[in-house]
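First comes the structure, then the notes that go with it.
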Amino acid sequence: MSFRVLQAGILSLLQDSGRFGQHRIGLTNGGPLDPDAFAWCNRLLQNTAGATAIEISFGGLQLEAQVDTYICVTGALMPLRINKVEKDLWHVHPVKAGDIIALDFSQEGTRSYLGVADGFQVEPSFGSTATVMRESIGGLNGDKLQVNDSIACAAVEQRRQLYLLRKHQPHYQNIATVRVIPGYQQAHFSRLQQRLFFSHAYTVSERCDRMGYRLEGPPISCEIEGILSEGICYGAIQIPADGQPIVLLNDRQTIGGYPKIGSALSVDAAHLAQLKPGGTVHFAPISQHGAHNAIHLAASFQNRLPISELE
Amino acid sequence: MILHTAGENALIAYLGEETSPEISGRVQAAALAVEAALGDDLVDLVPSYASLLIIYDVMRTDHMSVSSRIREAVRGAQATTVSGEGRTVILPVYYAPESGEDLETLASNANLSIDEVIRLHSDMEYRVYAIGFAPGYAYLGQVDERIAAPRLSTPRTKVPRGAVAIADRQTAVYPAVSPGGWNLIGRCPVRMFDPDADPIMPVSVGDRVRFEPIDRQRYLDLGGELS
Numbered sequence: 006m007s008f009r010v011l012q013a014g015i016l017s018l019l020q021d022s023g024r025f026g027q028h029r030i031g032l033t034n035g036g037p038l039d040p041d042a043f044a045w046c047n048r049l050l051q052n053t054a055g056a057t058a059i060e061i062s063f064g065g066l067q068l069e070a071q072v073d074t075y076i077c078v079t080g081a082l083m084p085l086r087i088n089k090v091e092k093d094l095w096h097v098h099p100v101k102a103g104d105i106i107a108l109d110f111s112q113e114g115t116r117s118y119l120g121v122a123d124g125f126q127v128e129p130s131f132g133s134t135a136t137v138m139r140e141s142i143g144g145l146n147g148d149k150l151q152v153n154d155s156i157a158c159a160a161v162e163q164r165r166q167l168y169l170l171r172k173h174q175p176h177y178q179n180i181a182t183v184r185v186i187p188g189y190q191q192a193h194f195s196r197l198q199q200r201l202f203f204s205h206a207y208t209v210s211e212r213c214d215r216m217g218y219r220l221e222g223p224p225i226s227c228e229i230e231g232i233l234s235e236g237i238c239y240g241a242i243q244i245p246a247d248g249q250p251i252v253l254l255n256d257r258q259t260i261g262g263y264p265k266i267g268s269a270l271s272v273d274a275a276h277l278a279q280l281k282p283g284g285t286v287h288f289a290p291i292s293q294h295g296a297h298n299a300i301h302l303a304a305s306f307q308n309r310l311p312i313s314e315l316e
Numbered sequence: 646m647i648l649h650t651a652g653e654n655a656l657i658a659y660l661g662e663e664t665s666p667e668i669s670g671r672v673q674a675a676a677l678a679v680e681a682a683l684g685d686d687l688v689d690l691v692p693s694y695a696s697l698l699i700i701y702d703v704m705r706t707d708h709m710s711v712s713s714r715i716r717e718a719v720r721g722a723q724a725t726t727v728s729g730e731g732r733t734v735i736l737p738v739y740y741a742p743e744s745g746e747d748l749e750t751l752a753s754n755a756n757l758s759i760d761e762v763i764r765l766h767s768d769m770e771y772r773v774y775a776i777g778f779a780p781g782y783a784y785l786g787q788v789d790e791r792i793a794a795p796r797l798s799t800p801r802t803k804v805p806r807g808a809v810a811i812a813d814r815q816t817a818v819y820p821a822v823s824p825g826g827w828n829l830i831g832r833c834p835v836r837m838f839d840p841d842a843d844p845i846m847p848v849s850v851g852d853r854v855r856f857e858p859i860d861r862q863r864y865l866d867l868g869g870e871l872s
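This is how it looks when you write it as structure tokens:
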């Protein structure tokens with residue numbers, strides 16, 4: 006029982022919540038670029054948190070169901086059609102064997118998540134099914150989905166058809182404010198350079214991917230050129246020699262030698278990953294305590310949103 | 646030790662400022678102590694040359710608690726530094742212009758013969774200072790100053806698996822085909838990262854590595870490829 010890939014789209018990757026505890030052999034995290042939309046996909050499907058779903062970047066995925074089950078798509082605004090009939094996003098839908106599920110190209114945002122009841126059944130590598138193409142690890146043979154791939158899942162007869170009301174669904178404008186926790190080599194950036202960084206708008210460059218988002222704007226200079234290679238956490242903002250910031254994301258390399266001005270708050274880095282090239286980014290400082298608070302507030306807010314059910 | 650914030654759920658401990666076996670030993674000791682002290686609150690650790698990145702579970706604990714536990718653990722660990730520990734791993738290398746495209750250039754830039762470059766590279770015992778960049782990519786140091794060489798100005802788009810390379814005073818064996826800007830001097834038939842093997846990697850941080858020159862036939866016998 007499975008789904009067959011008819012069209013792979015630009016970049017469709019099997020992802021669970023990510024690969025953790027493997028940095029010491031050089032493996033990065035992988036996992037969903039927008040963990041919030043990913044979590045909603047599994048929550049609406051009544052799956053265990055972190056069940057394997059497909060992350061679709063930009064759109065263009067087409068699947069054929071070869072099983073009777075339920076699906077849900079959350080995240081970027083990619084029109085969903087089941088047998089050519091448009092269906093709501095953020096909404097659980099039944100599918101039958103033979104149905105064609107098509108996701109069009111995104112009109113707002115860049116990443117969406119297609120999940121299935123009980124999750125896709127993929128053999129984990131190093132404790133996770135997350136696909137990291139750079140490492141050839143996870144997913145099906147460490148690669149993005151290809152035409153004719155078959156992705157296993159269970160047949161599910163009954164599932165509540167839950168959905169999230171439109172007013173509670175996020176909007177993906179091509180602009181984001183990214184709060185930055187001071188840290189790493191921040192002391193090596195002068196006050197003037199820090200002020201420059203926090204007061205100007207940056208633009209998402211064409212070079213933005215799952216490793217990191219490269220931004221363009223006023224160049225930031227650092228008093229030191231490089232550092233002894235050290236561990237890079239999720240969200241770390243590197244300033245290479247050209248002064249253009251790179252926000253490092255899920256597929257970043259785990260160590261590196263460029264100075265870092267701080268790290269993006271995870272909830273904001275997830276918004277950043279929904280931007281397209283040309284999108285606008287503002288950075289704002291936030292204290293460590295403020296960050297802690299923001300993460301818990303965001304989690305609490307998500308948990309308290311009411312879920313609706315189709316009668 | 647200097648402890649800095651790295652991110653919303655990460656701290657970085659600096660145990661020194663340069664590449665040395667002694668500082669690397671301190672990083673090792675700190676990694677073991679922090680792992681024990683944080684238990685299930687720990688998500689991941691990245692030991693490197695002189696630092697230890699510590700990632701914790703922000704849904705279970707907070708910055709204040711983690712910082713104080715790290716300080717205490719590292720203080721206790723420094724009394725029992727483990728710099729002398731670790732295994733010594735021998736890696737065979739076929740050094741030749743056909744297996745190391747930059748060997749001749751490196752030798753001529755260094756005013757040395759190819760044999761002298763090989764001798765200098767294989768006489769040294771290296772320490773595994775860090776693993777990162779790619780799965781199984783072990784940063785080994787330090788290379789004899791006479792054969793230290795800067796990274797290529799234009800990185801190669803494809804470096805073969807097993808390539809033995811030098812950048813500044815570091816050396817490494819490429820665990821998989823990848824882009825790379827290091828100077829290639831030979832090939833090693835041992836897989837540095839094999840998800841199906843046990844252990845997955847022949848080395849870990851803190852181990853010692855020696856390279857043993859082998860000839861073309863031996864390299865091929867050991868499963869090495871030339872392409």
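Residue numbers (this note's numbering), protein chains in the order written: chain R, 6 to 316; chain W, 646 to 872.
Positions of the beta carbon are idealized from the N, C-alpha and C atoms, including for glycine.
Anything in the region 7-32 of chain R with a Cβ closer than 9 angstroms to a Cβ of chain W? List those residues in chain order, please. From the region 7-32 of chain R, only Phe25, Gly26, Gln27, His28, Arg29, Ile30, Gly31, Leu32 have a Cβ closer than 9 angstroms to chain W.
Who are the neighbours of Glu235/R on chain W, taking C-beta pairs under 8 angstroms? Ile657, Val691, Ser693, Tyr694, Ala695, Ser696, Leu698
Can you check the region 30-65 of chain R for any alpha helix (DSSP H) of at least 4 residues that lies completely inside it and give the ranges in chain order? 40-49
When you compare the CB positions of Pro795/W and Gly825/W, do they come within less than 9 angstroms of one another, or not? Their beta carbons are not under 9 angstroms apart, which means Pro795/W does not touch Gly825/W by this criterion.
Residue range of the beta strand (DSSP E) that Pro742/W falls in? Unbroken run through Pro742/W: none, as it is neither H nor E.
Local conformation of Leu94/R per DSSP, three classes: Leu94/R falls in the coil class under three-state DSSP.
Beta bridge counterpart(s) of Gln815/W as assigned by DSSP: Gly786/W, Ala812/W
Apart from the five residues just before and just after Arg732/W, which ones in its own chain have a Cβ nearer than 6 angstroms to its Cβ? Asp852, listed in sequence order.
Within a Cβ cutoff of 6 angstroms, which residues of the same chain sit near Thr57/R, ignoring the five residues on either side of it in sequence? Leu19, Asp21, Gly124, Phe125, Val127, Thr134
With distances taken between CB atoms, is the gap from Glu162/R to Leu32/R smaller than 9 angstroms? no
Could you tell me the boundaries of the alpha helix (DSSP H) in which Glu211/R lies? Where Glu211/R is concerned, there is no enclosing alpha helix (DSSP H), although the beta strand (DSSP E) it sits in stretches over 207-213.
Please state whether DSSP places Leu197/R in a helix, a strand or coil. helix
Quick check on Val734/W - is its C-beta less than 9 angstroms from some C-beta in chain R? no
Nearest to Pro322/R (by Cα), restricted to the options Ile237/R, Thr208/R, Gly14/R: The structure shown does not extend to residue 322/R, since chain R is modelled only from 6 to 316, so the question has no answer here.
Using the DSSP secondary-structure output, state which residues sit across from Arg855/W in a beta bridge. Ile735/W
I want to check one thing, is the minimum distance from the CB of Leu68/R to the heavy atoms of the ligand GDP below 8 angstroms? Of the ligands one can find in the structure shown there are none, so the ligand GDP has no counterpart to examine.
Beta-carbon spacing of Gly781/W, Pro805/W below 9 angstroms: no
Cβ of Gly64/R within 9 angstroms of Cβ of Asn255/R? No, these two residues do not count as a Cβ contact at 9 angstroms.
Which of the residues in the region 775-787 of chain W, read from start to end, lie with their CB under 8 angstroms from any CB of chain R? Listed by position along the chain: Ala775, Ile776, Gly777, Phe778, Ala779, Pro780, Gly781, Tyr782, Tyr784.
Which residues DSSP lists as bridging Pro187/R, in chain order: Pro187/R pairs with Gly267/R.
Are the beta-carbon atoms of His708/W and His294/R separated by less than 9 angstroms? The answer is yes: Cβ separation under 9 angstroms.
Span separating the alpha-carbon of Ile657/W from that of His287/R: 26 angstroms
CB Tyr771/W to CB Ser693/W, shorter than 9 angstroms? no
Buried or exposed by the 16-neighbour rule on C-beta atoms within 10 Å, applied to Glu653/W: buried
In terms of residues, what are the limits of the beta strand (DSSP E) holding Leu85/R? Counted as a single uninterrupted DSSP element, the beta strand (DSSP E) harbouring Leu85/R occupies residues 85-87.
So, helix, strand or coil for Asp839/W, using DSSP? In the structure shown, Asp839/W falls within a coil segment according to DSSP collapsed to helix, strand and coil.
Roughly how many angstroms separate the alpha carbons of Cys158/R and Ser7/R, rounded to a whole number? 5 angstroms
Return helix, strand or coil for Thr259/R, following the three-state DSSP convention. Of the three classes helix, strand and coil, the one that applies to Thr259/R here is coil, per DSSP.
In the DSSP assignment, find the unbroken beta strand (DSSP E) run with His649/W in it and report its ends. It spans 647-652 - the beta strand (DSSP E) in which His649/W sits, taken as one unbroken run.
Under 9 angstroms between C-beta atoms of Leu867/W and Val835/W: yes
Local Cβ density within 10 Å of Met704/W, reported as buried at 16 or more and exposed below that: exposed
Contacts of Pro840/W in chain R (Cβ-Cβ under 8 angstroms): Ser130, Phe131, Ile142
Check the Cβ of Ser271/R against every Cβ in chain W and list those closer than 7 angstroms, keeping chain order. Glu653
Is the distance from the Cβ of Ala817/W to the Cβ of Ala783/W below 9 angstroms? yes
Sorted by chain position, which residues of the same chain lie with C-beta nearer than 8 angstroms to Asp685/W's C-beta, five sequence neighbours on each side aside? Asp702, Arg705
Might you give, ordered along the chain, the residues of its own chain that have their beta carbon closer than 8 angstroms to the beta carbon of Val688/W, omitting 5 neighbours on each side? Asn654, Ile700, Tyr701, Asp702
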